[in-house]
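Undergrad: Before I ask anything, let me first share the structure, which is written out below as C-alpha cells.
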Amino acid sequence: NSFCTLLARPVRPAPSSVRPPQPMSFPNTTGPVMAPDDKPCSDSDEAWMLMASVLVLGMFPGVGFFEAGLLRAKTTTTILAQVFCGLAMLSVMWFTVGYSLTFSPSATSSFIGNFDNSLLLGVSFDDCATNDKPISTGLYAIFQLMFACITPLLMTGAYAERLAWVPFVIFTLLWELVVYYPVAHWLWAPQGWLAKRGAIDFAGGIVIHTTA
16 NSFCTLLARP VRPAPSSVRP PQPMSFPNTT GPVMAPDDKP CSDSDEAWML
66 MASVLVLGMF PGVGFFEAGL LRAKTTTTIL AQVFCGLAML SVMWFTVGYS
116 LTFSPSATSS FIGNFDNSLL LGVSFDDCAT NDKPISTGLY AIFQLMFACI
166 TPLLMTGAYA ERLAWVPFVI FTLLWELVVY YPVAHWLWAP QGWLAKRGAI
216 DFAGGIVIHT TA
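Following my numbering, the numbering of the sequence shown begins with 16 at its first residue and continues without gaps.
What follows is the structure in C-alpha cells.
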C-alpha cells in the first residue's frame, strides 16, 4: 500500500535555474549619440578628416610638377615657386578673413559672409562645426583651407610664362577674394543662396573646378 501511495503522489517539477526569456531592450537612437567623454564630436571622423587634409596637402607638389612637365624646363622652378608661395599666401589670407567670409555662422547674407570670425576668433577645436556636425569647427576650417589654397593654383598652368611675379600675386589674391570666397559661401554655407535652393556640391565640382 505504501508503494501504491508513493506512485499516486503528484510529481513536483524540479526547481529550474534557467531564467525565463526577458524582452529585448534596444538603446535609444532617437537622440544624439554622445562619445564616452560627452564630447559631441566623433574622434574617428576627426582622425579621418585630418588624414584627408594631409592627402590634399600632398597635392600641391603634385600640381607643381604636373604643370612643370607640360612647360619648358627652364620654367620648372618658377612654377614650383608659384605653387608653394601661393600656398603660404593663401593660407594666411584664409585664416585672416577667408574662413569668416565663407563660413561665419553669424552671417546673414546669402552672397558673402562677415568678419565676425576673422583671425579665427570664436573658432574652437572643442565644439562641433555648423556645416559638419561630427568634427570640430577648427578642424573644419583646416580642411576647407586646403581647397581654398589649391583652387587658384590650379590655374597657374594657364598663364605660366605669361605673368610676372607681382601680377601673379595680385591676380591670385584678388581671384580668391572675389571669386572663391563668395562661390564657396553660396554652396557650402547654410546661408548661401544656392544651398538654400538645394544645390549640393560634395566633390567641389562647382566651387573648385568650374570656377578655376
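Even glycine gets a Cβ: it sits at the ideal position worked out from N, Cα and C. If you're wondering where the values come from, they're calculated on a predicted model, not measured in any experiment.
Measuring alpha carbon to alpha carbon, tell me which residue in Ser124, Thr171 and Trp109 is nearest Phe81.
TA: As a position in the sequence shown, residue 81 is number 66, starting the count at 1. Comparing Cα-Cα distances from Phe81 to each of Ser124, Thr171 and Trp109, the minimum goes to Thr171.
Undergrad: Grab me the residues of Gly84's own chain with a C-beta within less than 8 Å of its C-beta, minus the 5 sequence neighbours each way, in chain order.
TA: Taking the sequence shown and counting its residues from 1, one reaches residue 84 at position 69. Within the same chain, Gly84 has no close Cβ partners at all.
Undergrad: For the segment 46 to 133, list the beta strand (DSSP E) runs that are entirely contained and at least 3 residues long, ordered along the chain.
TA: Those beta strand (DSSP E) runs which fall completely within the segment 46 to 133 and span 3+ residues do not exist here.
Undergrad: Hey, Pro233 and Leu95 are a contact pair by Cβ (cut 8 Å); roughly how many whole angstroms apart?
TA: Examination of residue 233 is not possible in this model, given that the chain is present from 16 through 227 alone.
Undergrad: Pick from Cys164, Ala173, Val194 and Gly77: whose alpha carbon is nearest that of Leu86?
TA: If you number the sequence shown from 1, residue 86 lands on position 71. The shortest Cα separation from Leu86 among Cys164, Ala173, Val194 and Gly77 belongs to Ala173.
Undergrad: Going by DSSP in three states, Pro42 sits in which element: helix, strand or coil?
TA: Indexing the sequence shown from 1 puts residue 42 at position 27. Residue confidence is low: Pro42 scores 45 on pLDDT, short of 50, so the model does not pin down where it sits. Its coordinate-derived value is still stated next. It is coil, neither helix nor strand.
Undergrad: Between the segment 206 to 221 and the segment 115 to 135, do three or more beta carbon pairs fall short of 8 Å?
TA: Cβ pair count under 8 Å is three or more, so yes.
Undergrad: Taking one C-beta from the segment 154 to 166 and one from the segment 177 to 189 each time, how about it: are there three or more such pairs within less than 8 Å?
TA: Touching, no, given that fewer than three Cβ pairs across the two stretches are closer than 8 Å.
Undergrad: CA-CA distance, Val13 and Thr91?
TA: The question about residue 13 has no answer here: the residues shown for the chain are numbered 16 through 227.
Undergrad: Is it buried or exposed, Glu176, if we count other Cβ atoms within 10 angstroms and call 16 or more buried?
TA: In the sequence shown, residue 176 corresponds to position 161, counting from 1. Exposed, because fewer than 16 other Cβ atoms sit within 10 Å of the Cβ of Glu176.
Undergrad: With distance defined between alpha-carbon atoms, name the residue in Pro120, Ser124 and Leu178 nearest to Gly137.
TA: In the sequence shown, the residue the question calls residue 137 occupies position 122. Ranking the options by Cα distance to Gly137, first place goes to Pro120.
Undergrad: Under 8 Å by Cβ, that's how I've got Gln159 and Phe118 pegged, so tell me the actual separation to the nearest angstrom.
TA: As a working mapping, residue 159 is identified with position 144 in the sequence shown. As a working mapping, residue 118 is identified with position 103 in the sequence shown. About 7 Å separates the two Cβ atoms, so the contact holds.
Undergrad: Relative to the C-alpha of Gly113, which candidate in Leu65, Ala67 and Tyr195 has its C-alpha closest?
TA: On the sequence shown, position 98 is the one that residue 113 refers to. Per the Cα distances, Tyr195.
Undergrad: For Thr152, count neighbouring C-beta atoms within 10 Å of its own C-beta (all shown protein chains included) and say buried if the count is 16 or more, exposed if not.
TA: Position 137 of the sequence shown, counted from the start, is the residue given in the question as residue 152. Counting Cβ neighbours within 10 Å, Thr152 comes out buried, since at least 16 surround it.
Undergrad: Measuring only the C-alpha atoms, how far is Lys211 from Leu116?
TA: Start at 1 with the first residue of the sequence shown, and residue 211 comes out as number 196. Start at 1 with the first residue of the sequence shown, and residue 116 comes out as number 101. Cα to Cα, Lys211 sits roughly 18 Å from Leu116.
Undergrad: Drop a sphere of 10 angstroms on the beta-carbon of Met161, count the other beta-carbons inside from all chains shown, and report buried for 16 or more, exposed for fewer.
TA: As a working mapping, residue 161 is identified with position 146 in the sequence shown. So Met161 ends up on the buried side.
Undergrad: What is the residue span of the alpha helix (DSSP H) that Pro3 lies within?
TA: Residue 3 lies beyond the residue range present for the chain, which begins at 16 and ends at 227; the question has no answer from this structure.
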